[in-house]
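Worksheet: the structure to be examined is printed underneath.
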Amino acid sequence: MPVDHVATVYWYLADSQWEQPVLQTLSLSLKEHGYHQKTENDIHALCTASAEHARRQQTAIFLLVGEPAELIVTTVRLRSISSEFLIIPVLPRFNEAALVQLMMCGADAYFSLKNSSALLMAQLHSLLRRSRHKNLVANNDLNHWVLMDEGWNIRTPKGAIVALTTLERALFQAFASQEGHRVPHDILLLAISASEECAQAIKINRLGVIISRLRRKFEQIEIELPLKSVHNWGYMFAAPIVVHE
Numbered sequence: 001m002p003v004d005h006v007a008t009v010y011w012y013l014a015d016s017q018w019e020q021p022v023l024q025t026l027s028l029s030l031k032e033h034g035y036h037q038k039t040e041n042d043i044h045a046l047c048t049a050s051a052e053h054a055r056r057q058q059t060a061i062f063l064l065v066g067e068p069a070e071l072i073v074t075t076v077r078l079r080s081i082s083s084e085f086l087i088i089p090v091l092p093r094f095n096e097a098a099l100v101q102l103m104m105c106g107a108d109a110y111f112s113l114k115n116s117s118a119l120l121m122a123q124l125h126s127l128l129r130r131s132r133h134k135n136l137v138a139n140n141d142l143n144h145w146v147l148m149d150e151g152w153n154i155r156t157p158k159g160a161i162v163a164l165t166t167l168e169r170a171l172f173q174a175f176a177s178q179e180g181h182r183v184p185h186d187i188l189l190l191a192i193s194a195s196e197e198c199a200q201a202i203k204i205n206r207l208g209v210i211i212s213r214l215r216r217k218f219e220q221i222e223i224e225l226p227l228k229s230v231h232n233w234g235y236m237f238a239a240p241i242v243v244h245e
């Protein structure tokens, strides 16, 4: 089961466990399957290396070895750096309570030292296959704005991922749902006011002010938002938008 595209495996050893024969066996198996491997014992060094990996948009897998409490913290920090990382906590034994927390914090899978290296290779192969498919889809959407993560993030054609507020999410969902991404004022106001959280904001701000604030948010990261005003009617998002859940 060879690696079908370059992937680097980062071992994070929260304590001195590298001498365990089972870890050495896993490392040898990874090497035989063509994975590049690096080892870190310090969380700050790990985060620095992972940030550089994210900047280069390269595939990275993180095998985190240690006690659940520290692995939860490490998982959260890695996931905050990139949503694309493949994170697998490695526990001495099955611990359902810890695994629930780890998965909720962003882990993609888990592995027990009681399991075989064959199972780990199969897990990595599965994760990489899904990652490759996701990247292919992303490459097909290079000229699109992509509404993702149930609408809470939007990816720009340049690849930047911008987190959206409840108000902003409602606006983008309205544009994405309409033919030609043209939406009249009344529909936009209905979309925004659908959330009770936004009701007060609608009373205070005109729709034009809200749109202006949204434009400024993207201008701050040097991205021009392709929103056009349609005189006496509404607004148009003058670029393709696709929705990925």
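Each step along the sequence shown adds one to the number in UniProt numbering, with nothing skipped, and position 59 is 59. Backbone N, C-alpha and C define an ideal beta-carbon position, used for all residues, glycine too.
How many Å lie between residue i and residue j at the Cα?
i           : j           : result
residue 153 : residue 21  : 43 Å
residue 161 : residue 155 : 4 Å
residue 219 : residue 159 : 15 Å
residue 246 : residue 230 : This structure gives no information on residue 246, because the portion of the chain shown stretches from 1 to 245.
residue 171 : residue 78  : 30 Å
residue 56  : residue 125 : 22 Å
residue 60  : residue 27  : 16 Å
residue 45  : residue 212 : 40 Å
residue 239 : residue 227 : 9 Å
residue 114 : residue 217 : 49 Å
residue 167 : residue 144 : 21 Å
residue 32  : residue 109 : 22 Å
residue 71  : residue 103 : 11 Å
Just curious, the alpha helix (DSSP H) that residue i is in, first and last residue?
i           : result
residue 214 : 207-219
residue 168 : 166-177
residue 72  : 68-81
residue 48  : 43-55
residue 99  : 96-104
residue 24  : 21-32
Looking at the ligand SAH, does it come within less than 6 Å of residue i, judged from the CB to the closest heavy atom?
i          : result
residue 66 : Looking at this structure, you won't find the ligand SAH or any other ligand, since it has none at all.
The beta strand (DSSP E) that contains residue i, what's its start and end?
i           : result
residue 185 : Note, residue 185: premise wrong, no beta strand (DSSP E); alpha helix (DSSP H) at 185-193.
residue 163 : 161-163
residue 116 : Here residue 116 belongs to no beta strand (DSSP E), and DSSP marks it neither H nor E.
residue 62  : 60-65
residue 145 : 145-148
residue 87  : 86-91
residue 40  : 36-40
Here's the rule I'm using: 16 or more other beta-carbon atoms within 10 Å means buried, otherwise exposed. How should residue i be labelled?
i           : result
residue 169 : buried
residue 210 : buried
residue 243 : exposed
residue 42  : exposed
residue 256 : There is no way to answer for residue 256, as the model of the chain reaches only from 1 to 245.
residue 163 : exposed
residue 191 : buried
residue 183 : buried
residue 50  : buried
residue 208 : exposed
residue 48  : exposed
residue 221 : exposed
residue 94  : exposed
residue 65  : buried
Output needed for residue i: all residues of its chain with C-beta closer than 6 Å, excluding positions within five of it in sequence on either side, in chain order.
i           : result
residue 111 : 88, 90 and 120
Spatial neighbours of residue i within its chain, please: C-beta separation below 8 Å, excluding the five flanking residues on both sides.
i          : result
residue 25 : 117
Leaving out five residues on either side along the sequence, give the residues of the same chain with a beta carbon under 7 Å from the beta carbon of residue i.
i           : result
residue 175 : 181, 183, 237 and 241
Hey, is residue i's beta-carbon within less than 7 Å of any beta-carbon in chain D?
i          : result
residue 11 : The structure shown contains no chain D; it is built from a single protein chain.
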